[in-house]
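Notes follow the structure.
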Amino acid sequence: MKKITLFLLIVLSIFTFSLVSVSAEALFRIDITSKITTVTHGVKYQKIVGSINYEGTVSNQVIHYLAANPTVDDQIHVVVGDNYWDYSTPAPGGWGMSNINIIADKVESRYENYQVVGGVNGDFYDINNTGKPTEAHIINYDIIYKGTTSTHPVAGFYDDGTTIFSRPTFTGLTLVVQNDEGATKGKIAIDRINDLPDIDGISVYFDNWDAEIPDGYEKLIVKATRTAYDDSLDRYFGRGVLETRIDDAYQVEDHKFSVVCGDTFDDLGLINYGDQLVVQQNVTGEFANTRFGIGVWEKLVEFGTPIDTWTTGAALGSRAPRTAIGVKADGTVFFVVVDGRQFNEGMEGVTHWELAQIMAYFEAEVAYNLDGGGSSTMITADEDDSGYITMNSPSDGRLRSISNAIFFVQGELIPKASDIPNPDTRPQFEPPTNVYLDNGIIHFDEVMDASAYYVSINGVEHYTSTNSYVMPNIRGIYEIKVRTRGTEAYQTSLYSDPYIYYQTSSDVSDILALFDYLAQGRKP
Amino acid sequence: MKKIFLSMLLLFIATFLIACQNEEIPGSTPTVTINSVGSTFESEMIITIEAVNADVIYFSYDGTTFSEYTNALLITETTTVYAKAENENGMSDVINATFTKVISCTGTLVDGVCITGQAEKLYLSMADLSETDQFQISISIDDGDMITAANIIYDGNLSSFSVGSSMVIYQDLDGILLSYTKQGNTFIESDLGATTNHLFFLNFNYDQFTYANDLYLLNYGQYDTINSFVIELIPDGTASNFAITLTDDVIASMNFDIQVDLAIYHTEMIFSYEPIDIVVPIIEGGNNA
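Which chain is which? The protein sequence lines are A and B, in order.
For the first sequence, our numbering gives the first residue as 1, with consecutive numbering after it.
For the second sequence, our numbering gives the first residue as 1001, with consecutive numbering after it.
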């Protein structure tokens, strides 16, 4: 958990029987007993303690609100997180459940450029078995899962901070070919999973297929970094690096998958060693460029007006803890968690109708219901960076293991790598020159027309949009190389000459200084 | 006949002169001579002094303070002997003769001491190092988890220090030390003031070491040289286990530990003598431009 230092505003105000809000229809109001507001890294948290009155029914409530506007703050983004297993073993299909704090940590480990500021639980899920989500799950453009019900919308989050709620259009399994930077070189439709391809097509075998793929077919063996699937042959996901090509009979090893080519299939030079191959559902339309996506359920607010016309849904009329996501007209995204099932503590929980009223109270233009009950959780990062604070009072009395979650994160957005034409006739950028390290910061000269660079530290690449990068303060010997990130007009450059750097302890630094002093000596 | 006469005359003259030497000649001052078997010796030499027509003979070892000569002199070191004699007519001239002690040494004579074997090798290798203007030292510092490597190059009035890709060049320009710190493709020049001498390894003497198991171990009680260097930048540091190795009669390495608090850092300096020319960067507006 990285450090979050800035509390911009803390406001504590206590009201006694103050009438604060009355909905447009005058059927709903909130009587606030106390309200606490904090703003951290541009994310506003508010806790309201009081009672609500919906059409004459009064109930005691504790309401938690977390909001930010990623359309105006380029350092705030909405990220969907999970802690699914990387492979199908040991969890069936590769799914899993974890509490929201672990999921938040996973977000920070996946994206070094992001720090979690706060978040809430996400989609409904298979709580009794695998933990797989109910609806689509999109992580950093990877379509991990298309969902099972196909009846609920998906919240999609774009790089520009805007949010969409809609049904994605999935057009079938596709092999996405990417270079080592994740730039898409091309896509090839997949005929089928765990079966032989058409004569001019491809199929993909995963490691859950326990028989040999016959010889006579070219097979691209891919070392997987992640797989996920269920019992449907069109709900498979795999990502990995092309390891080798063989024609012999082959049984897929654990943590690998194999792309099998039909007799007349020709990739036209598209697939090369070192490429990343992604098996996923192809998505078109509005969701083609959403970086993250998560399933949502009932619509609560539309055009700023609470909805009250449901006939089916998640225990619509029951008072329960609830979680919801809303978007305001100005692009502000906000989450609400209402505590429940703790009557004696003034946390009765709300019905769907009341939740919709609350989302409208917070000026949602559109809002949707998320998983609730014991799953309803809201966290924020601890101000001293020691972890996360659970802001609400989960009804299980502890953090429940959930499938996925939605977070506000702070940090620099790494733009999606530009697609690569095939054949690639773009000229290549020059590598950055003048690489050196001073006071823990790597510097290099800018390259004309470049917008970003990759800094490789002992083979691990880091993105930077400037001509500098802060060196991790960890003892070790480092080989630092820099390359210029490609654009639509230029290919990514080769690496610069390596720069070798020793990050030493203070004692060793002193000893090095001693020998530096020796080098300054002259004979008498 | 003339030849016979001439021979007779010469014999007479010679006989007269000899007679005159051995007999006091009334009215003349004495003459003195210093006698020995030669002018060099290995361990000791007996010197005698003789005088003609003398009442008293004097000798001196410094030409200033004279004592009466009564017995032969015994010398064991290289010595200059002065002598004079006296009678009633006066004092003779002061004469002197130097007798040089010659030491038979199959090794190397150092301040009158003949050193041989491993001590001689160490002495000669130290002497070679002190006369060498171009050499390198590859340094490694082992903290138990990680080995940090550095390199020093000496090239006359130039030197350099590098760790990984970082490097600084030093130039002694008329007693002023300039540094050129590498930053990418450029160098930053700085004036470090007067050049100083702190090549600690040139201050060792061969007799501070004991040879054992191919190592020259710095004797206990001889750590002032290295410790005074260490504490210049590491006040809490102390050196121990200092050892020198030779290869082909030149100094190959110096190894020692530096202890800082409870931590011990094994430090190795590997010497090599392939000349490497350091090129001083030309900096616009700099001292070297």
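Think of the CB as a built atom: it goes at the ideal place given N, C-alpha and C, for glycine as much as any other residue.
Below 8 Å on C-beta distance, what does residue i contact in chain A?
{"i": "B/Y1134", "result": "For the record, residue 1134 of chain B in the displayed sequence is Gln; it is not Tyr. Residues of chain A passing the Cβ test: none, with the nearest at roughly 12 Å."}
{"i": "B/E1232", "result": "L514 and Y517"}
For a contact meaning CB atoms closer than 8 Å, what does residue i contact in chain B?
{"i": "A/Y499", "result": "G1164 and S1165"}
{"i": "A/V447", "result": "Simply none; closest approach about 14 Å."}
{"i": "A/Y436", "result": "S1165, S1166, K1182, Q1183 and G1184"}
{"i": "A/I457", "result": "Going along chain B, no residue has its Cβ under 8 Å from A/I457, so there is no contact; the nearest lies around 13 Å."}
Would you mind telling me which residues of chain B sit closer than 7 Å to residue i, beta carbon to beta carbon, in chain order?
{"i": "A/A519", "result": "I1152, S1159, S1160, F1161 and Y1170"}
{"i": "A/P524", "result": "N1197"}
{"i": "A/R475", "result": "M1146"}
{"i": "A/Y453", "result": "Under the 7 Å cutoff, chain B gives no residues; its nearest Cβ is about 15 Å from A/Y453."}
{"i": "A/S505", "result": "D1143"}
{"i": "A/Y502", "result": "T1148, V1163 and G1164"}
{"i": "A/V508", "result": "I1141, D1143, T1148 and Y1265"}
{"i": "A/T433", "result": "N1185"}
Would you say the beta carbon of residue i comes nearer than 7 Å to a heavy atom of the ligand HEM?
{"i": "A/E181", "result": "The model depicted lacks the ligand HEM and carries no ligand whatsoever."}
Run through DSSP, which three-state label would residue i get?
{"i": "B/T1100", "result": "strand"}
{"i": "A/P92", "result": "helix"}
{"i": "A/G373", "result": "helix"}
{"i": "A/A288", "result": "helix"}
{"i": "A/E135", "result": "strand"}
{"i": "A/K523", "result": "coil"}
{"i": "B/K1121", "result": "helix"}
{"i": "A/V447", "result": "coil"}
{"i": "A/M97", "result": "coil"}
{"i": "B/N1053", "result": "coil"}
{"i": "A/V20", "result": "For A/V20, the predicted model reports a pLDDT of 43, less than 50, meaning its position is unreliable and no value from the coordinates is stated."}
{"i": "B/L1199", "result": "coil"}
Taking residue i as the reference, which of the options has the closest Cα?
{"i": "A/H462", "options": "A/I477, A/K481 and A/N473", "result": "A/K481"}
{"i": "A/E135", "options": "A/E112, A/D105, A/S166 and A/D159", "result": "A/S166"}
{"i": "A/I457", "options": "A/Y436, A/E354, A/G122 and A/W353", "result": "A/Y436"}
{"i": "A/D126", "options": "A/R110, A/G93 and A/S109", "result": "A/G93"}
{"i": "B/Q1208", "options": "B/L1218, B/E1131 and B/Y1082", "result": "B/L1218"}
{"i": "A/T377", "options": "A/A320, A/L399 and A/E383", "result": "A/L399"}
{"i": "A/I199", "options": "A/S109, A/V260, A/G459 and A/Y205", "result": "A/V260"}
{"i": "B/I1234", "options": "B/A1263, B/N1185 and B/S1036", "result": "B/A1263"}
{"i": "B/I943", "options": "B/S1190, B/S1166 and B/G1184", "result": "As displayed, chain B neither begins before 1001 nor continues past 1289, which places residue 943 of chain B out of reach and without an answer."}
{"i": "B/V1094", "options": "B/N1087, B/A1194, B/G1156 and B/Y1058", "result": "B/Y1058"}
{"i": "B/G1221", "options": "B/T1238, B/N1255, B/N1213 and B/S1125", "result": "B/T1238"}
{"i": "B/E998", "options": "A/K523, A/P524, A/A513 and A/R522", "result": "No statement about residue 998 of chain B is possible, as the shown extent of chain B runs from 1001 to 1289 and does not include it."}
{"i": "A/G295", "options": "A/Y145, A/V177 and A/I221", "result": "A/Y145"}
{"i": "A/P432", "options": "A/D396, A/E212, A/H64 and A/S496", "result": "A/S496"}
{"i": "A/N53", "options": "A/Y499, A/E348 and A/F515", "result": "A/E348"}
{"i": "B/K1182", "options": "B/P1281, B/C1105, B/V1110 and B/G1027", "result": "B/P1281"}
Kindly list the residues whose CB is nearer than 6 Å to the CB of residue i, restricted to its own chain and excluding five residues on each side of it in sequence; keep chain order.
{"i": "A/T169", "result": "T284 and G285"}
{"i": "B/N1151", "result": "S1138 and S1162"}
{"i": "A/T16", "result": "Any answer about A/T16 is weak, because its pLDDT of 35 lies below 50 and its placement is not dependable; what the coordinates show is given next. Closer than 6 Å at the Cβ level, and outside the excluded window around A/T16, lies no residue."}
{"i": "B/S1140", "result": "I1147, A1149 and E1268"}
{"i": "A/K550", "result": "Absent from the structure is residue 550 of chain A, since the part of chain A shown begins at 1 and ends at 524."}
Going along chain A, which residues have a C-beta under 7 Å from residue i?
{"i": "B/A1243", "result": "Chain A residues near B/A1243: none, gap ~18 Å exceeds 7 Å."}
{"i": "B/I1139", "result": "F515"}
Tell me which same chain residues have a C-beta within less than 8 Å of the C-beta of residue i, skipping the five on either side of it?
{"i": "A/L9", "result": "Confidence in A/L9 is poor, its pLDDT being 36 and thus under 50, which makes the residue's placement too unreliable to answer from."}
{"i": "B/D1261", "result": "D1236"}
{"i": "B/T1100", "result": "S1039, T1040, F1041 and T1078"}
{"i": "A/Y490", "result": "R426, P427, Q428, F429, D449, A450 and T484"}
{"i": "A/K106", "result": "G81, D82, N83 and S98"}
{"i": "A/S505", "result": "R475"}
{"i": "A/I76", "result": "H41, G42, V43, A68, N69, P70, V117, G161, F408, V409 and Q410"}
Whose C-beta lies closer than 7 Å to the C-beta of residue i among residues of the same chain, with five residues either side of it excluded?
{"i": "A/S51", "result": "D31, V58, S59, N60 and Q61"}
{"i": "A/D195", "result": "S203"}
{"i": "B/L1074", "result": "E1044 and I1046"}
For residue i, which residues in chain B fall below 9 Å Cβ to Cβ?
{"i": "A/H443", "result": "Q1183 and G1184"}
According to a CB-to-CB cut-off of less than 8 Å, which residues of the stretch 1177-1207 of chain B neighbour chain A?
L1177, S1179, K1182, Q1183, G1184, N1185, T1186, L1192, T1195, T1196, N1197, H1198, L1199, F1200 and L1202
Closer than 9 Å, Cβ to any Cβ of chain A: which residues of the stretch 1252-1286 of chain B, in chain order?
I1258, V1260, D1261, A1263, Y1265, T1267 and M1269
Positions along the stretch 332-346 of chain A whose CB lies within less than 7 Å of some CB in chain B
none
Cβ-based contacts, 7 Å cut-off: residues of the stretch 1031-1049 of chain B near chain A:
none
Using a Cβ-Cβ cut-off of less than 8 Å, list which residues of the stretch 1059-1075 of chain B approach chain A; keep chain order.
none
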